[in-house]
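Engineer: If you count by the UniProt record's numbering, then the first sequence holds residues 1 to 377, one letter each, in order.
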Amino acid sequence: MPDPPSAVPLLAWYDRHRRVLPWRVTGPPGSADPYRIWLSEVMLQQTTVATVGPRYDRFLGRFPDVAALAAAPWEEVAAEWAGLGYYARARNLHAAARAVVARGGFPDTEEGLRALPGIGAYTAAAVAAIAFGRPTVPVDGNVERVVARLLAIRDPLPGARRLIGPAAGRFMEQEAARTRPGDFVQALFDLGATICTPRRPACALCPWRDDCRARREGIQDGLPAKSPKAARGGRQGLHFLARDPAGRLLLRHRPPEGLLGGMLEIPGAPWREEPWELEEALPHAPLPGLSWTLRPGTAHHSFSHLDLEMRLAEAAAPDSPAPPGMTWMEPGAARAALPTAMRRLLALAEGPLAEGVGGVASGISGARGARRRGTLG
DNA sequence: AATTCGGGGTA
DNA sequence: TACCCAGAATT
């Protein structure tokens with residue numbers, strides 16, 4: 001494996017062109033607030049900078065430090081995270097905050113951070129480098145791409161990680177990188193995000209343009225190679241929205257683990273491959289004896305590994321206590337606390353009755369749009 | 001090593 | 001559409 005290029009031109013480029021981001025503080029290595037760095041890294045897991053920006057500020061406003069987060073009940077954390085996805089991140093964030101408070105502060109080493117829930121190899125290295133100035137290189141999607149191109153690694157991901165990781169770590173053998181570890185790793189992120197992009201990288205602007213083996217060989221567009229991934233399966237759901245005389249909605253707590261774990265949902269029949277008829281789904285209704293009316297149209301939502309299509313039945317319910325595991329909630333609070341798939345289902349109830357009005361782009365289809373895709377038989 | 005976890009922006 | 005995003009945990 002050849003030596004990685006000099007850190008000096010990358011740091012010089014970073015000093016001129018770095019992105020201005022809410023969690024990015026300027027100061028000497030080790031001066032950053034580890035809570036803020038940690039929160040940003042967790043939010044940024046598989047989530048774009050543009051999405052995280054406003055949510056990060058909102059979250060910090062509500063939970064300004066690790067003690068405030070640790071003291072908060074789970075329901076408040078879940079509602080604040082709603083819509084961001086990968087809800088295990090919120091559960092682990094909450095648990096880790098309590099662990100940090102219990103031990104009297106953040107661990108300041110990679111190994112110590114790695115032991116906290118929700119902190120894997122990447123996040124431990126990122127917090128160690130950015131918040132504590134440790135000489136370690138976190139390997140995210142950006143770094144994988146930059147290193148694979150710099151060294152012209154043709155092996156497909158994810159297998160190529162066994163080559164990319166050690167190669168990336170060798171950057172910290174250089175004095176220039178060790179002097180500014182946090183800046184150096186963020187420079188790698190910025191290079192991957194703005195210059196060494198997945199498609200059509202702007203090699204002419206790259207501080208490493210003369211060091212890059214992929215560019216020299218003209219294969220930068222095809223790197224890193226990736227192994228083919230499995231196709232997404234389809235699922236069908238039928239959900240039941242009950243309103244009490246005060247207009248409140250009956251919601252159900254999902255199990256703490258698994259898909260949308262720990263979040264609220266509109267109760268319904270289990271998702272399966274075949275569509276549900278109202279009659280056969282009735283035993284899964286949250287309250288017995290109600291008169292359910294099926295709404296026109298469907299709400300659809302794609303998760304990472306499955307495409308979900310949901311229909312909605314509605315009923316007026318008498319004033320009654322919520323069944324175990326369920327809760328009555330005002331519509332506004334309900335919408336705020338629900339994950340996106342359920343917000344789309346809820347929008348089906350709030351939307352117009354007329355057909356063909358819902359937008360496909362928003363994940364809601366009227367009867368016409370659904371028929372066009374052949375989903376209504 | 002392969003799956004299971006969300007959701008949105010982009011070409 | 002398909003791909004990608006400052007990945008982690010489980011099997």
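For every residue, glycine included, the Cβ atom is placed at its ideal position computed from N, Cα and C.
Given a cut-off of 8 angstroms, decide if D244 and A317 are closer than it, judged by their beta-carbon atoms.
Structural biologist: The residue you call residue 317 lines up with position 317 of the first sequence. The residue you call residue 244 lines up with position 244 of the first sequence. Result yes, Cβ atoms of A317 and D244 sit closer than 8 angstroms.
Engineer: What three-state label does DSSP hand D57 in the structure shown?
Structural biologist: The residue labelled residue 57 in the question sits at position 57 within the first sequence. D57 falls in the helix class under three-state DSSP.
Engineer: Tell me whether V139 is buried or exposed, calling it buried when 16 or more other Cβ atoms sit within 10 Å of its Cβ.
Structural biologist: What you label residue 139 is simply residue 139 of the first sequence in a count that begins at 1. By the 10 Å Cβ count, V139 comes out buried.
Engineer: Quick one: grab the DSSP three-state call for E314.
Structural biologist: Within the first sequence, the letter at position 314 stands for residue 314. In this structure, E314 counts as strand in the three-state DSSP scheme.
Engineer: I need the straight-line Cα distance from P9 to P156, nearest angstrom please.
Structural biologist: Against the first sequence, residue 9 aligns to sequence position 9. Against the first sequence, residue 156 aligns to sequence position 156. Their backbone Cα atoms lie some 28 angstroms apart in a straight line.
Engineer: Which runs of the alpha helix (DSSP H), 4 residues or longer, sit entirely within the stretch 228 to 307?
Structural biologist: 278 to 281
Engineer: With respect to the alpha helix (DSSP H) encompassing W13, which residues constitute its N-terminal and C-terminal limits?
Structural biologist: If you number the first sequence from 1, residue 13 lands on position 13. From DSSP, the alpha helix (DSSP H) with W13 extends over 7 to 17.
Engineer: Is the stretch 96 to 103 touching the stretch 132 to 151, taking contact as three or more C-beta pairs under 8 angstroms?
Structural biologist: no
Engineer: Whose C-beta lies closer than 6 angstroms to the C-beta of W13 among residues of the same chain, with five residues either side of it excluded?
Structural biologist: Reading the first sequence from its first residue, position 13 is the one you call residue 13. Excluding sequence neighbours, W13 sits near P207.
Engineer: Could you give the distance in angstroms between the alpha-carbon of R343 and the alpha-carbon of R335?
Structural biologist: Reading the first sequence from its first residue, position 343 is the one you call residue 343. Reading the first sequence from its first residue, position 335 is the one you call residue 335. Going from the Cα of R343 to the Cα of R335 covers about 6 angstroms.
Engineer: Could you have a look at M326 and say whether DSSP puts it in helix, strand or coil?
Structural biologist: For the purposes of this step, residue 326 is taken as residue 326 along the first sequence, with counting starting at 1. Strand.
Engineer: Could you tell me the distance, in whole angstroms, from the CA atom of D221 to the CA atom of L260?
Structural biologist: Counting from 1 along the first sequence, the entry for residue 221 is found at position 221. Counting from 1 along the first sequence, the entry for residue 260 is found at position 260. C-alpha separation (whole angstroms): 36 angstroms.
Engineer: Quick check: the Cα distance between R18 and E76, rounded to an integer number of angstroms?
Structural biologist: Within the first sequence, residue 18 is the residue found at index 18, counting from 1. Within the first sequence, residue 76 is the residue found at index 76, counting from 1. Distance between the alpha carbons of R18 and E76 is about 34 angstroms.
Engineer: Let me confirm a value: S362 is counted as buried when at least 16 other C-beta atoms fall within 10 Å, else exposed. Which label applies?
Structural biologist: Stepping through the first sequence from its first residue, residue 362 is reached at position 362. Reliability of the predicted coordinates at S362 is poor, the pLDDT of 44 falling under 50, and the value obtained from them is presented with this limitation in mind. Classification for S362: exposed.
Engineer: Please look up how many angstroms separate the CB atoms of A32 and V42, rounded, as I've assumed it's under 8 angstroms.
Structural biologist: Reading the first sequence from its first residue, position 32 is the one you call residue 32. Reading the first sequence from its first residue, position 42 is the one you call residue 42. Going by Cβ atoms, the distance from A32 to V42 rounds to 15 angstroms, so no, they are not a contact pair.
Engineer: Using only the alpha-carbon positions, how far apart do G356 and L338 sit?
Structural biologist: Counted from its first residue, the first sequence places residue 356 at position 356. Counted from its first residue, the first sequence places residue 338 at position 338. Annotation note: pLDDT 36 at G356 (below 50); position unreliable, no value reported.
Engineer: Just the C-alpha distance for R89 and A72, rounded to the nearest angstrom, thanks.
Structural biologist: The residue labelled residue 89 in the question sits at position 89 within the first sequence. The residue labelled residue 72 in the question sits at position 72 within the first sequence. Those two C-alpha atoms are separated by around 16 angstroms.
Engineer: Label G182 either buried or exposed according to how many other C-beta atoms from any shown protein chain fall within 10 Å of its C-beta, with 16 as the threshold for buried.
Structural biologist: Counted from its first residue, the first sequence places residue 182 at position 182. Classification of G182: buried, given that the 10 Å Cβ count is 16 or more.
Engineer: For E330, which residues from the same chain have a beta carbon less than 7 angstroms from its beta carbon, with the 5 sequence-adjacent residues on both sides left out?
Structural biologist: One-based indexing of the first sequence puts residue 330 at position 330. Once the five neighbours on either side are set aside, the close Cβ partners of E330 are R248.
Engineer: Taking just the CA atoms, how far does R114 sit from Y86?
Structural biologist: Start at 1 with the first residue of the first sequence, and residue 86 comes out as number 86. Start at 1 with the first residue of the first sequence, and residue 114 comes out as number 114. The straight-line gap from Cα to Cα measures roughly 19 angstroms.
Engineer: Along the chain, which unbroken stretches of the alpha helix (DSSP H) at least 4 residues long are found entirely within the UniProt domain "HhH-GPD" (43 to 194)?
Structural biologist: 49 to 62, 66 to 71, 74 to 81, 88 to 103, 110 to 114, 121 to 132, 141 to 150, 161 to 169, 175 to 179, 181 to 194
Engineer: Contact between the stretch 190 to 206 and the stretch 265 to 279: three or more CB pairs below 8 angstroms?
Structural biologist: no
Engineer: For D190, is the classification buried or exposed, using 16 other Cβ atoms within 10 angstroms of its Cβ as the cut-off for buried?
Structural biologist: Locating residue 190 in the first sequence gives position 190, where the first residue counts as 1. With 16 or more other Cβ atoms within 10 Å, it is buried.
Engineer: Report, in whole angstroms, the separation of the C-beta atoms of A281 and L238, which I expect to be a contact under 8 angstroms.
Structural biologist: Mapped onto the first sequence, residue 281 falls at position 281. Mapped onto the first sequence, residue 238 falls at position 238. That belief holds up - the Cβ atoms of A281 and L238 are roughly 4 angstroms apart, short of 8 angstroms.
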